[in-house]
Amino acid sequence: MTRSWVQFPLIYNLDARVHLRQLSQESGRTITLAEVPDAEIEKWSASHFDAIWLLGVWETSKQSRLLALNSLHMTDESTTLVPDWKSDDIFGSPYSIADYRVAAALGGEPALAGFRRRLAQRDIKLILDFVPNHTALDHSWVGKNREFYISIPAERLEQMEDGTYFTYDGTHLACGRDPNFPAFRDTLQLNLSNGDLRSALIKTLQRIATQCDGVRCDLAMLVLKDVFNRTWGSLGGEMNAEFWDVAIAEVKKVAPGFLFLAEAYWGTEWHLQRLGFDFTYDKTLYERIARGDIAAVKAHLTAECSLRANWRGLPRIMMRRVRLRHSVPTTKQPRY
């Protein structure tokens with residue numbers, strides 16, 4: 437068993453697919469999560485990491501990969517970062533999730549369980565991703581639970597520009613999106629006003645909680661009631677209650693020590709923490725550090741709780757590599 441969470445955990449963000457590909461190339465054989473060398477885990481332990489945030493373990497979308505390979509923007513970006521990239525370097529987006537099952541290429545569920553046990557032996561916890569806002573185009577819900585998504589009536593199609601997906605049976609579904617950016621075209625927007633969907637997402641979280649020690653919730657602020665209603669209320673119906681407080685409470689009934697980390701922006705951090713998140717991103721602090729504004733950083737860290745959102749502080753996250761939102765991971769290090 438691992439120890440309880442420390443107050444401010446040091447978290448190492450690792451891209452599972454990229455890292456395992458690199459280990460496989462170095463060893464000359466296929467390495468899954470079950471075969472990660474002990475030396476790797478010892479290195480993380482020696483660096484005093486409290487947790488590994490393992491990115492990209494779930495089954496990702498085949499359609500997402502095809503869209504990436506056929507996207508001039510994506511291929512140009514890959515060429516800029518890695519001039520000699522090949523098509524098998526393209527995995528597709530880890531946030532276009534087709535199924536919350538550990539990818540077979542990574543060794544499946546048994547491999548992840550074994551990897552987690554080996555981390556626990558060194559008092560290192562495991563964090564995985566949860567994406568509440570959207571699924572892959574080829575998620576099973578598209579065929580079985582169409583009501584979980586936002587359908588676009590014919591008279592609204594022109595307003596959606598390129599943010600829709602035409603299904604096999606002639607329905608237009610909205611692509612997932614942050615309202616400040618173009619749609620994520622390899623995803624479909626979930627309709628959080630649907631109570632059955634919210635229950636299904638909670639069940640997904642409860643299952644994830646049996647496989648790791650915490651989740652990093654992608655773009656968590658997008659499923660806040662007010663944000664969702666402003667973005668989708670006229671199409672999907674309005675949310676009448678928040679999702680996160682109920683979801684977090686239900687998960688912690690079965691996994692009391694489970695940690696929730698929110699990717700959050702727009703000043704929503706304090707609200708998300710009041711709904712139950714243990715930690716949130718703090719972009720304001722990051723920007724002040726990036727500017728080198730020491731006075732502003734000091735003021736931020738010493739402000740009263742009511743004046744700064746992230747009053748519980750940030751976990752320290754050691755990033756494995758620079759990753760752009762819905763960008764294409766490759767097996768080679770970016771060249772800067």
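In this text, residue positions in the sequence shown follow this note's numbering: the first is 437, and each later residue adds one. Glycine included, every Cβ here is placed at the ideal spot set by N, Cα and C.
So, are the CB atoms of residue i and residue j less than 8 Å apart?
i    : j    : result
N627 : F584 : yes
T603 : A610 : no
S463 : D622 : no
L593 : G612 : no
V659 : F679 : yes
Q642 : V682 : no
D649 : L695 : yes
R558 : S481 : yes
Q647 : L542 : no
A619 : F551 : no
S398 : A572 : Given a span of 437 to 772 for the chain in the structure shown, any question on residue 398 remains unanswerable.
Which same chain residues, not among the five before or five after residue i, have their C-beta less than 6 Å away from its C-beta?
i    : result
A487 : P445, I447, K561, I563
V442 : D486
L456 : I467
S440 : none
R453 : G492, F527
F617 : none
R761 : Note that R761 has pLDDT 33, beneath the 50 cutoff, so the model's placement of it is unreliable and no number is given.
A691 : A645
Got a sec? Which residues, its chain only, sit under 7 Å from residue i by beta carbon, not counting five neighbours each side?
i    : result
L655 : N569, D614, E699
S629 : G672, G673, E674, M675
A685 : G712
H736 : T720, L721, R724, R744
M657 : V663, A700, Y701, W702, T704, L708
R710 : none
N665 : E674, M675
A540 : none
Rank the options by C-alpha distance to the C-alpha of residue i and give the top, closest one.
i    : options                : result
E478 : T516, L555, T515, V578 : L555
D524 : Y717, Y536, T511       : T511
E495 : E545, H484, V472       : E545
A739 : R727, D714, L721       : L721
L637 : S481, A590, Y536       : Y536
W668 : T640, G631, I586, R710 : I586
A590 : G606, V538, G631       : G606
Q595 : A540, R634, S670       : S670
R553 : V472, I588, A731, A540 : V472
K689 : K639, I730, D729, D718 : K639
C653 : P692, Y717, R634, A691 : Y717
Have a look at the DSSP bridge pairing and note the partners of residue i.
i    : result
C648 : None; C648 has no bridge partner.
F715 : L697
H707 : Answer is none; H707 lacks a bridge partner.
D535 : E495
L469 : Bridge partners of L469: none, in fact.
I563 : W489, G650
Q625 : H570
Y585 : L626
F620 : G612
Can you name, in chain order, every residue of its own chain whose Cβ lies under 8 Å from the Cβ of residue i, other than the five neighbours on each side?
i    : result
D574 : S497, K498, Q499, A534
V733 : L721, R724, I725
D632 : N581, E583, F584
S460 : T466, I467
V578 : T571, Y585, T603, L609, L624
R588 : Checking the sequence shown, residue 588 turns out to be Ile, not Arg. Here the set comprises M596, T600, H608, L609, A610, L671.
My understanding is that residue i touches residue j, with C-beta atoms under 8 Å, so please give their C-beta distance in whole angstroms.
i    : j    : result
A677 : K661 : 7 Å
Is residue i near the ligand ZN, with its Cβ less than 7 Å from a heavy atom?
i    : result
L573 : As far as ligands go, the structure on display features none, and thus does not contain the ligand ZN.
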